[in-house]
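Asks: Protein chains in written order, with the working numbering: chain A, 8 to 453; chain B, 2 to 177.
Just passing along the structure, written as structure tokens.
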Amino acid sequence: MYEEPGCFDPNNSMAEGVYSGFPQAMANNQKQFEENLELSAEELSYHHHNHQEDTSVSAMELELQKYLSFNVENCDNNTYRSHMMQQVVDDRNQLLSYDHSNWNTGDIGFNQDDPQQNGHRSFNINSLPQTPDLLNLFQLPRCSLLPNSSISFANSNHDTTPLGFIEDLPASDSTSVLYDPLFHLNLSPQPPLFRELLPSIPHGYNLPTSRSDANSLFGDERDSNGVKAYQDEDGGMLEFARDMACIVRGSGNGKKKKPFTTERQRREHFNKKYTALRNLLPNPSKIDRASIVGDAIEYTKELLRTVNELKLLVERKRCGRERIKRHKTEDDAVGDVEQSYNGSLRSSWLQRKSKDTEVDVRIIDDEVTIKLVQRKKIDCLLFVSKVLDELQLDPHHVAGGHIGDYYSYLFNTKIYEGSSVYAGAIANKIIEVMDREYAAAAPTSI
Amino acid sequence: MDYKSKNLVAERKRRKKLGDRLLNLRALVPRITNMKKETIIEDAINYIQELQENVKFLTGKLQLLEVEPFSEEEANPKREETNTVEDMKKCGIQENVEVSYMSGNKVQIKIIFEKKRGKFTKLLEAITSHGFQLSDTSMTSSKGATLVSFFAEVTYDGTLAVEETRKSLLQIVRSM
């Protein structure tokens, strides 16, 4: 099982329900978008490693990364995305096919800004010297939150960036730094999407913040709408985005509010299910998902066999009793005392494994074949023979002995009449006795 | 590039394997609510638990039925035993013990005795308590008699003569 990256998870988090609402026509654009994002993620990490490690800067980079991942999620989940995509595609086709190789040549992006961009200088990235490169990588549709959307960074650095890019920085002790990742795309100003959306959020609805304490993604909104923001680990953005999607799309999901607020929670819950399944199984071996499912399949079949076997036995017992009662009351000469067998042949098979012992029990009619393999420690023949007697099995044929490190035995036995022992009981009893003897013999074994 | 594609193929195979197994699991479970991966597992868990409950219930029922006395059962074992003795006599089989020493500590022993319930166990008990460690064992029964043949390692020091071993074993058999 591979670990999905915590924050940037466009493919997986977008699974299932989320995409279903989008028009087919968007499918291609979507793909492209995703690919771009993926590539962007790679670039992000690439750049992340390549740049000098300035602790504060890298911290902010991380923040930015997370914010951007939010942005991505948000965009994806937002129905406005379709508009945005359209717009981006229409207006900026060349940008979408941006040549990624350029990125490696250094600080490019913002140097190419048009003079027109001045109007959008509400954007401040000076706090992240490396940010511009990162931003370039993100050919995000302009889904930005608002013209005034803000992101705050823990330490706003006013260092000169390689781009010498410092503009309107609203007083930022508290933290509202305006940030529009897309302005370099030179898109026409968009309607304030989130402004429109936010009123639709019920008052008091919890908006997640982007990351750590000092950051608040919607600083403005918080103030203006009184919407509370709460902290969430990773995926907080995802959560918000999803909820937004719910609200925007209305009843498209079939649930008012999804029980799993984050992808991670969903994954954890899913994994718990697998372990729960594993705990039901009698012979768990490996822990990987495929084995668990395989074992579950075998166990289910075994349970079905056992149920059938037991039903048959119960039926037989009952028939036998009735017959006996009838004999007694009718006072018949006892010609045939045998129990009446059902038409069907009883057959059953199961395997049990414990740490040192493996047991395979097969029953056909009244003959039981038992295969036993165990690590050589004690002379098990005697104990097994005792168990067989207890279980009312009559050994007709026994063969076995040493094979390498193991003892291996085969018992062909017959069930004594009148006994209704079933396969599971035999196997369990044998295993139980074996384990007990092992434990007892352990301290004294050579 | 080669490694990349190999990895891809391997991963694809892995995923396919899991997917196929999940489908098989779903095929077994009678009540499927959804087509999603999660729900397969959930449904399977529920179904297995249900089956386990069923098994418990049935075994309980079976035990209840067993409790009542079954008078006919007593007649049967006796019948079996008388038969075996007669069979043996018919075929001329007699209780016997053969002992032959092989190289080193190994001994091969053959014992023929009357087939009776629980005798095999008793024999084993006696043998092991005498210090024989069985390495290979074989037991068959026919015509009312049981033949046990085994190789054993002699653990005690004294080199008991063949005849003595034989006699002591015969005694054991007879006393069973």
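Built from N, CA and C at the ideal position, the CB exists for glycine as well.
Near A/K360, what residues of its chain come up, given a Cβ to Cβ distance below 6 Å and the 5 sequence neighbours on each side ignored?
Replies: For this step, residue 360 of chain A is matched to residue 353 along the first sequence. Around A/K360: N290.
Asks: I need the straight-line Cα distance from B/E154 to B/R167, nearest angstrom please.
Replies: Position 153 of the second sequence, counting from 1, holds the residue named residue 154 of chain B. Position 166 of the second sequence, counting from 1, holds the residue named residue 167 of chain B. Approximately 15 Å, taken between the alpha carbons.
Asks: Nearest-angstrom Cα distance between B/L52 and B/K38?
Replies: As a first step, residue 52 of chain B must be located in the second sequence, where it is residue number 51. As a first step, residue 38 of chain B must be located in the second sequence, where it is residue number 37. Distance between the alpha carbons of B/L52 and B/K38 is about 21 Å.
Asks: Considering only the beta carbon of each residue, do B/K139 and B/S150 sit closer than 7 Å?
Replies: By one-based count along the second sequence, residue 139 of chain B stands at place 138. By one-based count along the second sequence, residue 150 of chain B stands at place 149. The amino acid at residue 139 of chain B is misidentified as Lys; the sequence shows Ser. Yes, Cβ-Cβ distance for B/S139 and B/S150 is below 7 Å.
Asks: Classify B/M36: buried if its beta carbon has 16 or more other beta carbons within 10 angstroms, exposed otherwise.
Replies: Numbered from 1 along the second sequence, position 35 holds the residue referred to as residue 36 of chain B. Label assigned to B/M36: exposed.
Asks: Identify, in the order they occur along the chain, each residue of the same chain with its Cβ nearer than 7 Å to the Cβ of A/D106, setting aside the five sequence neighbours on each side.
Replies: For the purposes of this step, residue 106 of chain A is taken as residue 99 along the first sequence, with counting starting at 1. Any reading at A/D106 must be qualified, since the residue scores a pLDDT of 43, below 50, and its modelled position is unreliable; the value itself is stated next. Within the same chain, A/D106 has no close Cβ partners at all.
Asks: Measure the C-alpha to C-alpha separation of B/K57 and A/L398 and round it to an integer number of angstroms.
Replies: Start at 1 with the first residue of the second sequence, and residue 57 of chain B comes out as number 56. Start at 1 with the first residue of the first sequence, and residue 398 of chain A comes out as number 391. In a straight line, the C-alpha of B/K57 is about 19 Å away from that of A/L398.
Asks: Is the Cβ of B/R22 closer than 7 Å to any Cβ of chain A?
Replies: Taking the second sequence and counting its residues from 1, one reaches residue 22 of chain B at position 21. With respect to chain A, the C-beta atom of B/R22 has a partner C-beta closer than 7 Å.
Asks: Just the C-alpha distance for A/F455 and B/V98, rounded to the nearest angstrom, thanks.
Replies: Since the first residue shown for chain A is 8 and the last is 453, residue 455 of chain A is missing from the structure and cannot be characterised.
Asks: Under a CB-based cut-off of 7 Å, is B/E39 close to chain A?
Replies: Here residue 39 of chain B refers to the residue found at position 38 of the second sequence. Interface residue, yes.
Asks: The beta strand (DSSP E) spanning B/T34 covers which residue range?
Replies: Your numbering for residue 34 of chain B matches position 33 in the second sequence. No beta strand (DSSP E) holds B/T34; DSSP gives it neither H nor E.
Asks: Count the other C-beta atoms from every protein chain shown that fall within 10 angstroms of the C-beta of B/D44, then say buried if there are 16 or more, exposed otherwise.
Replies: In the second sequence, the residue the question calls residue 44 of chain B occupies position 43. So B/D44 ends up on the buried side.
Asks: Rounded to whole angstroms, what's the CA-CA distance from B/F133 to A/H409? Just pull it up for me.
Replies: Here residue 133 of chain B refers to the residue found at position 132 of the second sequence. Here residue 409 of chain A refers to the residue found at position 402 of the first sequence. Each residue's alpha carbon lies about 15 Å from the other.
Asks: Go through its chain and collect everything with a Cβ distance to A/Y423's Cβ below 8 Å, but skip five positions before and after it.
Replies: Residue numbering aside, residue 423 of chain A sits at position 416 when the first sequence is read from its first letter. If we look at A/Y423 and ignore the five residues flanking it on each side, its Cβ neighbours are Q399, L400 and D401.
Asks: Please list the partners that A/Y413 has in chain B, where partner means a Cβ-to-Cβ separation under 8 Å.
Replies: Numbered from 1 along the first sequence, position 406 holds the residue referred to as residue 413 of chain A. Ordered by position in chain B, no residue passes the 8 Å Cβ test against A/Y413, which lies about 12 Å from the chain.
Asks: Check the C-beta distance from B/S142 over to B/K111 and give it rounded, since I have them as a contact under 8 Å.
Replies: Taking the second sequence and counting its residues from 1, the one referred to as residue 142 of chain B is at position 141. Taking the second sequence and counting its residues from 1, the one referred to as residue 111 of chain B is at position 110. Contact doesn't hold; Cβ gap of about 14 Å is too wide.
Asks: Against A/R296, what residues of chain B qualify as contacts under a CB-to-CB distance less than 7 Å, listed in chain order?
Replies: Here residue 296 of chain A is taken as the residue at index 289 of the first sequence, counted from 1. In chain order: L19.
Asks: A/I371: buried (16+ other C-beta within 10 angstroms of its C-beta) or exposed?
Replies: In the first sequence, residue 371 of chain A corresponds to position 364, counting from 1. That one is exposed.
Asks: Since B/F121 contacts B/E96 with CB under 8 Å, what's their CB separation in whole angstroms?
Replies: On the second sequence, position 120 is the one that residue 121 of chain B refers to. On the second sequence, position 95 is the one that residue 96 of chain B refers to. Actually they are not in contact, since the Cβ atoms of B/F121 and B/E96 sit about 14 Å apart, beyond 8 Å.
Asks: Contact criterion: CB-CB distance below 7 Å. Does A/P402 meet it with respect to chain B?
Replies: Residue numbering aside, residue 402 of chain A sits at position 395 when the first sequence is read from its first letter. With 7 Å as the cut-off, A/P402 counts as an interface residue toward chain B.
Asks: When the Cα atoms are used, what is the spatial distance from B/M177 to B/A127?
Replies: The residue labelled residue 177 of chain B in the question sits at position 176 within the second sequence. The residue labelled residue 127 of chain B in the question sits at position 126 within the second sequence. Each residue's alpha carbon lies about 10 Å from the other.
Asks: Classify A/Q381 as helix, strand or coil using the three-state DSSP reduction.
Replies: Residue numbering aside, residue 381 of chain A sits at position 374 when the first sequence is read from its first letter. Strand.
Asks: How about A/Y445 and A/D363: are their beta carbons less than 7 Å apart?
Replies: One-based indexing of the first sequence puts residue 445 of chain A at position 438. One-based indexing of the first sequence puts residue 363 of chain A at position 356. Closer than 7 Å, so yes.
Asks: From B/K5 to B/K17, what distance separates their C-alpha atoms?
Replies: Taking the second sequence and counting its residues from 1, the one referred to as residue 5 of chain B is at position 4. Taking the second sequence and counting its residues from 1, the one referred to as residue 17 of chain B is at position 16. The alpha-carbon atoms of B/K5 and B/K17 are separated by roughly 18 Å.
Asks: Look at the alpha carbon of B/G105 and the alpha carbon of A/D412, and state the distance between them as a whole number of angstroms.
Replies: What you label residue 105 of chain B is simply residue 104 of the second sequence in a count that begins at 1. What you label residue 412 of chain A is simply residue 405 of the first sequence in a count that begins at 1. Whole-angstrom Cα-Cα distance: 21 Å.
Asks: Could you tell me the distance, in whole angstroms, from the CA atom of B/R22 to the CA atom of B/R13?
Replies: Locating residue 22 of chain B in the second sequence gives position 21, counting from the first residue. Locating residue 13 of chain B in the second sequence gives position 12, counting from the first residue. Distance between the alpha carbons of B/R22 and B/R13 is about 14 Å.
Asks: Can the beta-carbon of A/D367 be found closer than 7 Å to that of A/K378?
Replies: Here residue 367 of chain A refers to the residue found at position 360 when the first sequence is read from its first residue. Here residue 378 of chain A refers to the residue found at position 371 when the first sequence is read from its first residue. Yes, Cβ-Cβ distance for A/D367 and A/K378 is below 7 Å.
Asks: The beta strand (DSSP E) spanning A/D401 covers which residue range?
Replies: By one-based count along the first sequence, residue 401 of chain A stands at place 394. L400 to I410 is the extent of the beta strand (DSSP E) around A/D401.
Asks: Rounded to whole angstroms, what's the CA-CA distance from A/L284 to B/H131? Just pull it up for me.
Replies: Within the first sequence, numbered from 1, the residue matching residue 284 of chain A stands at position 277. Within the second sequence, numbered from 1, the residue matching residue 131 of chain B stands at position 130. The straight-line gap from Cα to Cα measures roughly 49 Å.
Asks: On the DSSP letters alone, give me the boundaries of the beta strand (DSSP E) that B/S136 sits inside.
Replies: Within the second sequence, residue 136 of chain B is the residue found at index 135, counting from 1. First-last of the beta strand (DSSP E) with B/S136: F133 to S143.
Asks: B/L26: which of A/D302, A/S354 and A/R333 sits nearest, CA to CA?
Replies: By 1-based counting over the second sequence, the position of residue 26 of chain B is 25. Nearest C-alpha to B/L26: A/D302.
Asks: Under a Cβ-count criterion, where at least 16 other Cβ atoms within 10 Å of its own Cβ denotes burial, should A/L317 be classed as buried or exposed?
Replies: Taking the first sequence and counting its residues from 1, one reaches residue 317 of chain A at position 310. Classification of A/L317: buried, given that the 10 Å Cβ count is 16 or more.
Asks: Residues in the same chain with beta-carbon distance under 7 Å from B/C92, minus the five sequence neighbours each way, listed in chain order, please.
Replies: The sequence position of residue 92 of chain B within the second sequence is 91, counting from 1. Excluding sequence neighbours, B/C92 sits near K144.
Asks: On the three-state DSSP scale, how would you describe B/R27?
Replies: On the second sequence, position 26 is the one that residue 27 of chain B refers to. In this structure, B/R27 counts as helix in the three-state DSSP scheme.
Asks: According to the neighbour-count rule (16 or more other Cβ atoms, all chains shown, within 10 Å of its Cβ), is A/K280 buried or exposed?
Replies: For the purposes of this step, residue 280 of chain A is identified with residue 273 of the first sequence, where counting begins at 1. With 16 or more other Cβ atoms within 10 Å, it is buried.
Asks: Could you check where the alpha helix (DSSP H) with B/T122 kicks off and where it finishes?
Replies: In the second sequence, counting from the first residue as 1, residue 122 of chain B sits at position 121. Where B/T122 is concerned, the enclosing alpha helix (DSSP H) stretches over K120 to S130.
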